[in-house]
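Residue numbers for the sequence shown follow UniProt numbering, so the first one is 1 and each next one is one higher.
We put the beta carbon where it would ideally sit given N, CA and C, even for glycine.
From a predicted model like this one, the values you see are computed outputs, not experimental measurements.
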Amino acid sequence: MSALNTNIDSAGRSAGEMPYAALPLGGIGTGNLAIGADGWLKQWQLHNIGNHLGELPGSFFAARISQWEPPFDAVRILAAPPTEHSKTPLVNDDHVARWQQELAKTVPTVTDTRFSGNYPVARIDYLDETLPVSIRLEAFTPIVPLNAEDSALPVACFKFTVKNHDSIPVHGWIGAGLQNAVGHDGIVNPDGVRASGYGGNTNRVVRGPNRTSILMENRTLDESAAGYGTMALTAEGDLVSALTEWTDPEQLVQFLSSRQNFGAGEWGDVPSDLADPQPNGVRASGRPSAPGSTWNGGLAVQFAVEPGAQVEVRFLVSWHFPNRYVNFTQFGGRQPAWGQNHHLIGNEYTNRFTNALAVAEETMTRWDELEAATKHWISLFTESDLDPELARRLLTQAAIVRSPSYFRTADGRTWGFEGVLGASTPMWAGQVGGSCPLNCTHVHAYSQGLARLFPALERNMRETEFEVMQAPEGFIPHRVLLPLETPQIWDRPIGGPEDPALDGMLSIVLRTYREVKNGAGLEWLGRYWPNLRQLMDHICQKWDPNQTGMLHGIQPSTHDIDLCGLNTFMGTYWLAALRSMEKMAYLLDEEVVADDMRRRFETGSVAYDRALFNGEYYRQMLEPGDRPEFQWLDGCLSDQVIGQWWAHELDLGYLLPEEHVRSALEAVVRHNLRASFVDFVNPYRVYADGDDSGLLMCSWPTGGRPSIPTRYCDEVWSGIEYQVAAHCFYEGLEEQAWSILRGLWARHDGKKRNPYNEIECGDHYVRALSGWSLLHAWSGFKWDSVSRHLQLNRDPERSIPILLDQGWGALARNGDQSSLECRFGQFELDQITVGETTFQAAPIRLQAGETLLLS
1 MSALNTNIDS
11 AGRSAGEMPY
21 AALPLGGIGT
31 GNLAIGADGW
41 LKQWQLHNIG
51 NHLGELPGSF
61 FAARISQWEP
71 PFDAVRILAA
81 PPTEHSKTPL
91 VNDDHVARWQ
101 QELAKTVPTV
111 TDTRFSGNYP
121 VARIDYLDET
131 LPVSIRLEAF
141 TPIVPLNAED
151 SALPVACFKF
161 TVKNHDSIPV
171 HGWIGAGLQN
181 AVGHDGIVNP
191 DGVRASGYGG
201 NTNRVVRGPN
211 RTSILMENRT
221 LDESAAGYGT
231 MALTAEGDLV
241 SALTEWTDPE
251 QLVQFLSSRQ
261 NFGAGEWGDV
271 PSDLADPQPN
281 GVRASGRPSA
291 PGSTWNGGLA
301 VQFAVEPGAQ
311 VEVRFLVSWH
321 FPNRYVNFTQ
331 FGGRQPAWGQ
341 NHHLIGNEYT
351 NRFTNALAVA
361 EETMTRWDEL
371 EAATKHWISL
381 FTESDLDPEL
391 ARRLLTQAAI
401 VRSPSYFRTA
411 DGRTWGFEGV
421 LGASTPMWAG
431 QVGGSCPLNC
441 THVHAYSQGL
451 ARLFPALERN
461 MRETEFEVMQ
471 APEGFIPHRV
481 LLPLETPQIW
491 DRPIGGPEDP
501 ALDGMLSIVL
511 RTYREVKNGA
521 GLEWLGRYWP
531 NLRQLMDHIC
541 QKWDPNQTGM
551 LHGIQPSTHD
561 IDLCGLNTFM
571 GTYWLAALRS
581 MEKMAYLLDE
591 EVVADDMRRR
601 FETGSVAYDR
611 ALFNGEYYRQ
621 MLEPGDRPEF
631 QWLDGCLSDQ
641 VIGQWWAHEL
651 DLGYLLPEEH
661 VRSALEAVVR
671 HNLRASFVDF
681 VNPYRVYADG
691 DDSGLLMCSW
701 PTGGRPSIPT
711 RYCDEVWSGI
721 EYQVAAHCFY
731 EGLEEQAWSI
741 LRGLWARHDG
751 KKRNPYNEIE
761 CGDHYVRALS
771 GWSLLHAWSG
781 FKWDSVSRHL
791 QLNRDPERSI
801 PILLDQGWGA
811 LARNGDQSSL
821 ECRFGQFELD
831 QITVGETTFQ
841 AAPIRLQAGE
851 TLLLS
């Protein structure tokens, strides 16, 4: 195996080296904020709408460090100075808000920061040699794969560790500020505390056992208002002072500077609603903010630390905004029900809590448990046999799932945009909202991450496709419209492409079989089998009426155009769908259907290979009447055998001759992977430039590029790169796989692009969830919950992560002894195969913490 150069090492890198790094904090469907490598909070998008440039002025952390003798007292903003750097096309993760720049001019920041992170934990070391202490922050939002509720908490957790390196005691305060954004539209950034929707905001103190919160409300809002909700800033400990009504960030700094140091017993009994117990404490009036403005709130936690000792200070930001509306423009023509306050669809996460304070109370009570589970998940990867960078990037896949690209409505259904509108989309859709609504089948066709991390959520998307999206004729449009009572796009142009995407429909068959193998079960399959039959009957009758085994005519695709003729991009999707239908038919004892699917597959496999393999790779061949525009013909398409990648994921065997598949993949890497884009002319969107390395969608190594080639051919899509790299692992082409990954991850190393945000048509683009298949391809992982058979091709040296439908853990080795360890949930299986050895385990059930020795 060729090792990778790690881009985010355990020692961390300075803020200046990673100006684009911003790790998102937030749960599934809850909205997010992010913390930059420099320590500044950014990308506030809590209000049920994506806004990658969202700001909340006055939301920051600061520290006051003091010593009695010799006298020392200093206040520092816990962030690095904003720095200038070069701009990268189509990204804005490096954005620094104007108010942060102004604050850094008047209040000292720390000298620098060092950032390291394994999603969802960001670690920031604040560097300042003038201070007698070191300060470290760990920020995270809990994640427990397979447990959607604990992974959907609307919180951001911040744990500061202050260590005294001096020979004398140190005392001080850690302060946190947060703007009361209740009523805000989430779109137009506030100017200080002023914004449309503000006015009547109140901040009140609520003290509980060992914690203090500022509950942020606006009781003047109608409960149906889009901005209606609550926020809370919570600190752990008894020695906590609150400043509930301020407007300028420097006021929080002044508040920190004015606090007196008291011993724990000197505070006495503190009334539950008293903001600040100190004699010179600032009192909270509880008065509503003026029209058009809001209040900021702040908490200051007192600490004392002896020489050589350290102390922890914990803060929590929580939010609760229940009123999600259909506030995004959809394809298919405008509908009266669209728009804010027109149709309430709600949020699943708000069903479980009454307000942001309830969120804070549960999270604070369970902090240690949730943090331990989160770090247990991280260690499953970082302490395994995986290359360290591969481990980090696999963990980061969940950042897409928990970005505003996905949301869950109050009825529990799962929805996904293609991404979040941002710097890559203003030329057509602006920079606020979700990109290309909704549940786009041809983009989600690449996604493997959600189905493995939270299988019930992915399964729900199949249910929506069959129950809501499917037309009476059997076809399924590649977008769904909300609200659900809206007529679906059965007879209108859809957008990207105009007619239902054939690759999207074929992928629904593949993804349905994946869900069956990953725990959905035969009863679930039986419920939707008539839908599958109807879908495949439609495809067969429209694109292969003469049973040639090949697809003919116009084939709408994820390239936002209509493909034509014979091609293995659509063809291998088709062959994999036929094999999946055959497998599912046998599970349901539908042998006639299974035999028909098998005959079509065998005919098509031979026909495609004979017609299109040119001795090196698979080309495209037009038929009489086909339009030549937007095709690739003799080009080498990176996705030319995408169905074989799916076939490996589903254990379907080879769709085309094995040696030809391998030759085609080698050709893709040889011809399409560029080591530099310095002299490259790209008329489309720029996702790789300068000395970047990246895999083009298509190239023409033998010439013959059409005058109007396939759209996006000169672009570099991370979702395709992951797909091709994983497929290379499956074929034993490890060096080719690593060469693609080295380029992809170097482009997103924090210096030019965000390692936690791989873009395409928007930020946090869901096509990149194809990256989860790297784990399967590298380890040879296969899991079939129907036969209860687990397979891995790779023997562990230490351990290999295992994620099944009911639990996760590791295949581990201790000396000469291998074992299967369940670390969360449960494993239920009958058979384990590792390499060439099959262990009959008839039948076993492992609970979390239990281990099965393999012998």
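For this session: Could you check what DSSP says for Gly-16 in three-state terms: helix, strand or coil?
Result: The sequence position of residue 16 within the sequence shown is 16, counting from 1. Correct three-state label for Gly-16: helix.
Exercise. Gly-31: which of Gly-175, Glu-348, Arg-204 sits nearest, CA to CA?
Worked result: Within the sequence shown, residue 31 is the residue found at index 31, counting from 1. The residue with the shortest Cα to Cα distance from Gly-31 is Glu-348.
Exercise. Which ranges would you report for the alpha helix (DSSP H) in the region 35 to 114 if only whole runs of at least 4 residues count?
Worked result: 98 to 106
For this session: Output the distance between the C-alpha atoms of Tyr-573 and Ile-378, rounded to the nearest integer angstrom.
Result: Locating residue 573 in the sequence shown gives position 573, where the first residue counts as 1. Locating residue 378 in the sequence shown gives position 378, where the first residue counts as 1. Spanning the two alpha carbons is a distance of roughly 34 Å.
Exercise. Do you know offhand how far Val-359's Cα is from Ser-318's?
Worked result: As a working mapping, residue 359 is identified with position 359 in the sequence shown. As a working mapping, residue 318 is identified with position 318 in the sequence shown. Taking the straight line from one Cα to the other gives about 6 Å.
For this session: Would you list the residues sitting across from Glu-312 in a DSSP beta bridge?
Result: In the sequence shown, the residue the question calls residue 312 occupies position 312. DSSP lists Thr-161 as partners of Glu-312.
Exercise. Is there contact here, the region 564 to 581 with the region 611 to 624, by at least three beta-carbon pairs under 8 Å?
Worked result: yes
Exercise. Would you report the Cα separation of Gly-849 and Glu-828, rounded to the nearest angstrom?
Worked result: The sequence position of residue 849 within the sequence shown is 849, counting from 1. The sequence position of residue 828 within the sequence shown is 828, counting from 1. C-alpha separation (whole angstroms): 14 Å.
For this session: In the DSSP assignment, find the alpha helix (DSSP H) that holds Trp-738 and state where it starts and stops.
Result: Looking up residue 738 in the sequence shown gives position 738. Where Trp-738 is concerned, the enclosing alpha helix (DSSP H) stretches over 734 to 747.
Problem set entry | Secondary structure of Ala-195, DSSP reduced to three states | Residue mapping note: residue 195 aligns to position 195 of the sequence shown, counting from 1. Here Ala-195 sits in coil by DSSP.
Exercise. Do the CB positions of Glu-721 and Leu-696 come within less than 8 Å of each other?
Worked result: Taking the first residue of the sequence shown as position 1, residue 721 is located at position 721. Taking the first residue of the sequence shown as position 1, residue 696 is located at position 696. No, they are not a contact pair.
For this session: Just tell me which of Val-133, Leu-274, Ser-293 has its CA closest to the CA of Ala-284.
Result: Your numbering for residue 284 matches position 284 in the sequence shown. It is Leu-274 whose Cα lies nearest to the Cα of Ala-284.
Problem set entry | Same chain, Cβ closer than 7 Å to Asp-503, neighbours up to 5 away in sequence not counted | Against the sequence shown, residue 503 aligns to sequence position 503. The answer, listed in chain order, is His-442, Ala-445, Ser-557, Thr-558, Met-570, Tyr-573.
Exercise. Is it true that the CB of Val-326 sits closer than 8 Å to the CB of Leu-484?
Worked result: Here residue 484 refers to the residue found at position 484 when the sequence shown is read from its first residue. Here residue 326 refers to the residue found at position 326 when the sequence shown is read from its first residue. It is not a contact, given that the beta carbons lie outside the stated cut-off.
Exercise. Rounded to whole angstroms, how far is the Cβ of Ile-77 from the Cβ of Leu-56, which I believe are closer than 8 Å?
Worked result: Taking the first residue of the sequence shown as 1, we reach residue 77 at position 77. Taking the first residue of the sequence shown as 1, we reach residue 56 at position 56. Actually they are not in contact, since the Cβ atoms of Ile-77 and Leu-56 sit about 16 Å apart, beyond 8 Å.
Exercise. What's the call for Lys-752, buried or exposed, on a 16-neighbour Cβ count within 10 Å?
Worked result: Position 752 of the sequence shown holds residue 752. Classification for Lys-752: buried.
For this session: Determine the burial state of Val-188: buried for a count of at least 16 other Cβ atoms within 10 Å of its Cβ, exposed for fewer.
Result: What you label residue 188 is simply residue 188 of the sequence shown in a count that begins at 1. Its Cβ having fewer than 16 others within 10 Å, Val-188 is exposed.
Problem set entry | Integer Cβ distance of Thr-202 from Ala-242, believed to fall under 8 Å | Stepping through the sequence shown from its first residue, residue 202 is reached at position 202. Stepping through the sequence shown from its first residue, residue 242 is reached at position 242. The pair is not a contact, with the Cβ atoms about 13 Å apart (cut-off 8 Å).
Exercise. With DSSP run on the structure shown, which of helix, strand or coil describes Gly-553?
Worked result: Position 553 of the sequence shown, counted from the start, is the residue given in the question as residue 553. Coil, per DSSP.
Problem set entry | Backbone secondary structure at Tyr-528 - three-state DSSP | Here residue 528 corresponds to residue number 528 of the sequence shown, with the count starting at 1. DSSP places Tyr-528 in helix when its eight states are reduced to three.
Exercise. Quick one: what's Glu-821 bridged to in DSSP?
Worked result: As a first step, residue 821 is located in the sequence shown; it is residue number 821 there, counting from the start. DSSP, once it has assigned bridges, lists Ala-810, Thr-851 as partnering Glu-821.
For this session: Look up Leu-4 in the DSSP assignment and say whether it is helix, strand or coil.
Result: Along the sequence shown, one-based indexing puts residue 4 at 4. No answer about Leu-4 holds up, because its pLDDT of 49 lies below 50 and its placement is not dependable.
Problem set entry | Cβ pair count under 8 Å reaching 3, the region 165 to 178 against the region 295 to 314 | yes
Exercise. Is the region 503 to 518 in contact with the region 773 to 781, if contact means three or more CB pairs nearer than 8 Å?
Worked result: no
Exercise. From Met-1 to Glu-734, what distance separates their C-alpha atoms?
Worked result: The sequence position of residue 1 within the sequence shown is 1, counting from 1. The sequence position of residue 734 within the sequence shown is 734, counting from 1. For Met-1, the predicted model reports a pLDDT of 35, less than 50, meaning its position is unreliable and no value from the coordinates is stated.
Exercise. Nearest-angstrom Cα distance between Leu-673 and Val-724?
Worked result: The residue you call residue 673 lines up with position 673 of the sequence shown. The residue you call residue 724 lines up with position 724 of the sequence shown. When rounded, the distance between both Cα atoms is 11 Å.
Exercise. Would the beta-carbon of Gln-397 fall within 8 Å of that of Gly-29?
Worked result: Translated into the one-based positions of the sequence shown, residue 397 becomes position 397. Translated into the one-based positions of the sequence shown, residue 29 becomes position 29. No, these two residues do not count as a Cβ contact at 8 Å.
Exercise. By how many angstroms is the C-alpha of Arg-123 removed from the C-alpha of Glu-17?
Worked result: Numbered from its first residue, the sequence shown carries residue 17 at position 17. Numbered from its first residue, the sequence shown carries residue 123 at position 123. Roughly 15 Å between the two C-alpha positions.
Exercise. First and last residue of the alpha helix (DSSP H) that includes residue 858?
Worked result: An answer regarding residue 858 cannot be provided, because it is not within the stretch 1 to 855 covered by the chain.
Problem set entry | Top-ranked residue by Cα proximity to Asn-280, from Trp-295, Gly-298, Arg-259 | Counting from one through the sequence shown, the residue named residue 280 turns up at place 280. Per the Cα distances, Arg-259.
For this session: Just the C-alpha distance for Asn-180 and Asn-296, rounded to the nearest angstrom, thanks.
Result: On the sequence shown, residue 180 is found 180 positions in, with the first residue counted as 1. On the sequence shown, residue 296 is found 296 positions in, with the first residue counted as 1. Whole-angstrom Cα-Cα distance: 6 Å.
Problem set entry | Secondary structure of Pro-843, DSSP reduced to three states | For the purposes of this step, residue 843 is identified with residue 843 of the sequence shown, where counting begins at 1. Three-state DSSP puts Pro-843 in a strand.
Problem set entry | Host beta strand (DSSP E) of Glu-836 (start-end) | One-based indexing of the sequence shown puts residue 836 at position 836. That residue, Glu-836, is in no beta strand (DSSP E); it is neither H nor E in DSSP.
Exercise. If you follow the beta strand (DSSP E) that His-342 is part of, which residue opens it and which one closes it?
Worked result: Position 342 of the sequence shown, counting from 1, holds the residue named residue 342. First-last for His-342: undefined, no H or E at that position.
Problem set entry | Cα-Cα separation between Ser-384 and Leu-820, rounded to whole angstroms | For the purposes of this step, residue 384 is identified with residue 384 of the sequence shown, where counting begins at 1. For the purposes of this step, residue 820 is identified with residue 820 of the sequence shown, where counting begins at 1. Cα to Cα, Ser-384 sits roughly 14 Å from Leu-820.
For this session: Kindly list the residues whose CB is nearer than 7 Å to the CB of Ile-642, restricted to its own chain and excluding five residues on each side of it in sequence; keep chain order.
Result: Translated into the one-based positions of the sequence shown, residue 642 becomes position 642. Within the same chain, Ile-642 has close Cβ partners Phe-569, Thr-572, Tyr-573, Gln-723.
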